[in-house]
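K.L.:
Sharing a structure here in structure tokens format.
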Amino acid sequence: MDITAVKDYLLTLQQNIVASLENLDGGAFIHDAWQRPQGGGGISRVIEDSALLERGGVLFSHVMGDAMPASATAHRPELAGRAWEAMGVSLVLHPRNPYVPTVHLNVRCFRAYHADGSGEDVFWFGGGMDLTPYYGELDDARHFHATCKAALDPLGPQYYPAFKDWCDRYFFLKHRNEARGIGGIFFDDFAEGGFDGGFAMMRAVGDAFLPAYLPVVEARREQPYGERERAWQSYRRGRYVEFNLVWDRGTLFGLQSGGRTESILCSMPPTASWRYDWQPPQGSAEERLLTEFLPVRDWLA
Numbered sequence: 001m002d003i004t005a006v007k008d009y010l011l012t013l014q015q016n017i018v019a020s021l022e023n024l025d026g027g028a029f030i031h032d033a034w035q036r037p038q039g040g041g042g043i044s045r046v047i048e049d050s051a052l053l054e055r056g057g058v059l060f061s062h063v064m065g066d067a068m069p070a071s072a073t074a075h076r077p078e079l080a081g082r083a084w085e086a087m088g089v090s091l092v093l094h095p096r097n098p099y100v101p102t103v104h105l106n107v108r109c110f111r112a113y114h115a116d117g118s119g120e121d122v123f124w125f126g127g128g129m130d131l132t133p134y135y136g137e138l139d140d141a142r143h144f145h146a147t148c149k150a151a152l153d154p155l156g157p158q159y160y161p162a163f164k165d166w167c168d169r170y171f172f173l174k175h176r177n178e179a180r181g182i183g184g185i186f187f188d189d190f191a192e193g194g195f196d197g198g199f200a201m202m203r204a205v206g207d208a209f210l211p212a213y214l215p216v217v218e219a220r221r222e223q224p225y226g227e228r229e230r231a232w233q234s235y236r237r238g239r240y241v242e243f244n245l246v247w248d249r250g251t252l253f254g255l256q257s258g259g260r261t262e263s264i265l266c267s268m269p270p271t272a273s274w275r276y277d278w279q280p281p282q283g284s285a286e287e288r289l290l291t292e293f294l295p296v297r298d299w300l301a
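Read in full-length UniProt numbering, the sequence shown has 120 at position 120, and its numbers run on one by one without any break.
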């Protein structure tokens, strides 16, 4: 397995995404290179309070440790105690305009090995992308999912429906009985086709992000909005916070493994709000999000 090739791909992906977003937004991402005392480091590219993006982070990390943390071995106890390294690019963008959806992308590679060099390395890939609109637009949902499907189909027609279903199940707030957004694709512990097959899957997902998301931004960024839409956006952002802190495996892994808190929590929206037992007005665009867009459905039917 060529870990160097994976790292080179991820750094290039980060730079390409940042350059495209800076061109779209007009603002600049800060460049924050950091080192992890326990091993490894990363580069955080972050933008805040800009024209298009109220907050966004495109983060690269390559970290390592002497023993697998509990969150990573709960479903694979045979790996407990192994040394490990993980690298990936993780992205969350929170646009200012409530009609532009929040988006999440992650692609990663994980390796577990015996520090003394004995035995075989165990590796897997994971990732995906998902869209979280505040106002539902059928064209946006279809475009996002069609782009995901087109990216995966060359690797096998079985992957898009399987990864869509996985995404629908993963990005779900069990305590609310509610989806976080309209889904996308998600996969983990992937090693089909060996290292080369896993790396190909990572590249397929990473390379599809800009074609999937930028047309949605262009279609919605100039749509007028007011205080009502911003209040709804803030309320729905509360659900994003709940999911990330309660259910997200990546967040829990990062915190349990002594990860860099600023990077881990970079996915949080700049503002969020909660209201007691509140429901949007019947027949409103806000209610339509809940009744027509959050329930699981086939967007390409």
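Glycine residues also receive a C-beta, built at the ideal position from the N, C-alpha and C atoms.
How would you write the range of the alpha helix (DSSP H) that Pro215 sits in, first residue to last?
P.N.:
Pro215 -> alpha helix (DSSP H) spans Gly194 to Arg220.
K.L.:
If you pair each beta-carbon of the segment 141–154 with each one of the segment 109–121, do three or more pairs fall below 8 Å?
P.N.:
The segment 141–154 is not in contact with the segment 109–121.
K.L.:
Does the segment 87–99 come close enough to the segment 47–58 to have 3 or more Cβ pairs within less than 8 Å?
P.N.:
Touching, yes, given that three or more Cβ pairs across the two stretches are closer than 8 Å.
K.L.:
Within 10 Å of its beta-carbon, does Met164 have 16 or more other beta-carbons around it, so buried, or fewer, so exposed?
P.N.:
Rather than Met, the amino acid found at residue 164 in this sequence is Lys. Classification for Lys164: buried.
K.L.:
Which residues in the same chain as Phe35 place their Cβ atom closer than 8 Å to its Cβ, once the five residues preceding and following it in sequence are excluded?
P.N.:
At residue 35 the sequence reads Gln, which differs from the Phe that was named. So the qualifying residues of the chain are Gly41.
K.L.:
Within the same chain, show all residues whose beta-carbon is closer than 7 Å to that of Ala208, passing over the 5 residues directly before and after it, in chain order.
P.N.:
Same-chain partners within the cutoff: Thr147, Cys148 and Ala151.
K.L.:
Could you give the uninterrupted runs of the alpha helix (DSSP H) lying entirely in the segment 47–73, keeping only those of 4 residues or more?
P.N.:
For the segment 47–73, whole alpha helix (DSSP H) runs of length 4 or above, ordered along the chain, are 70–73.
K.L.:
Given a cut-off of 7 Å, decide if Ser234 and Thr271 are closer than it, judged by their beta-carbon atoms.
P.N.:
Closer than 7 Å, so yes.
K.L.:
Looking at C-beta atoms only, is the number of pairs between the segment 217–233 and the segment 246–258 that lie closer than 8 Å three or more?
P.N.:
Because the criterion of three Cβ pairs below 8 Å is not met, the segment 217–233 and the segment 246–258 do not touch.
K.L.:
Which residues mark the beginning and the end of the alpha helix (DSSP H) in which Cys148 is found?
P.N.:
Note, Cys148: alpha helix (DSSP H), Leu138 to Leu152.
K.L.:
Let's see if you can read the secondary structure: which residues bound the alpha helix (DSSP H) around Val18?
P.N.:
Where Val18 is concerned, the enclosing alpha helix (DSSP H) stretches over Ile3 to Asp25.
K.L.:
Please report how far the alpha carbon of Gly184 lies from the alpha carbon of Leu131, in whole angstroms.
P.N.:
If I take the Cα positions, the gap works out to 7 Å.
K.L.:
In the DSSP assignment, what are the bridge partners of Ser90?
P.N.:
Paired residue(s): Leu59 and Asn106.
K.L.:
Smallest Cα separation from Cys109: which of Lys174, Val63 and Val217?
P.N.:
Residue Val63 is the option with its Cα nearest to Cys109.
K.L.:
Rounded to whole angstroms, what is the Cα-Cα separation between Ala83 and Leu252?
P.N.:
Cα-Cα distance, rounded: 18 Å.
K.L.:
Thinking just about the alpha-carbon of each residue, which of Ala219, Ala67 and Leu24 is nearest to the one in Ala86?
P.N.:
Minimum Cα distance to Ala86 is reached at Ala67.
K.L.:
To the nearest angstrom, how far is it from the Cα of His104 to the Cα of Ile264?
P.N.:
If I take the Cα positions, the gap works out to 13 Å.
K.L.:
Using DSSP with H/G/I as helix, E/B as strand and the rest coil, what is Thr132?
P.N.:
In the structure shown, Thr132 sits in a strand (DSSP, three-state: E or B).
K.L.:
Run through DSSP, which three-state label would Val122 get?
P.N.:
Of the three classes helix, strand and coil, the one that applies to Val122 here is strand, per DSSP.
K.L.:
Below 7 Å between beta carbons: does that hold for Val18 and Val58?
P.N.:
Cβ atoms of Val18 and Val58: closer than 7 Å.
K.L.:
Do you know how far the Cα of Val296 is from the Cα of Val216?
P.N.:
Approximately 20 Å, taken between the alpha carbons.
K.L.:
Would you mind working out which of Pro280, Arg142, Gln282 and Met268 sits nearest Gly238, comparing C-alpha positions?
P.N.:
The option with the nearest alpha carbon to Gly238 is Met268.
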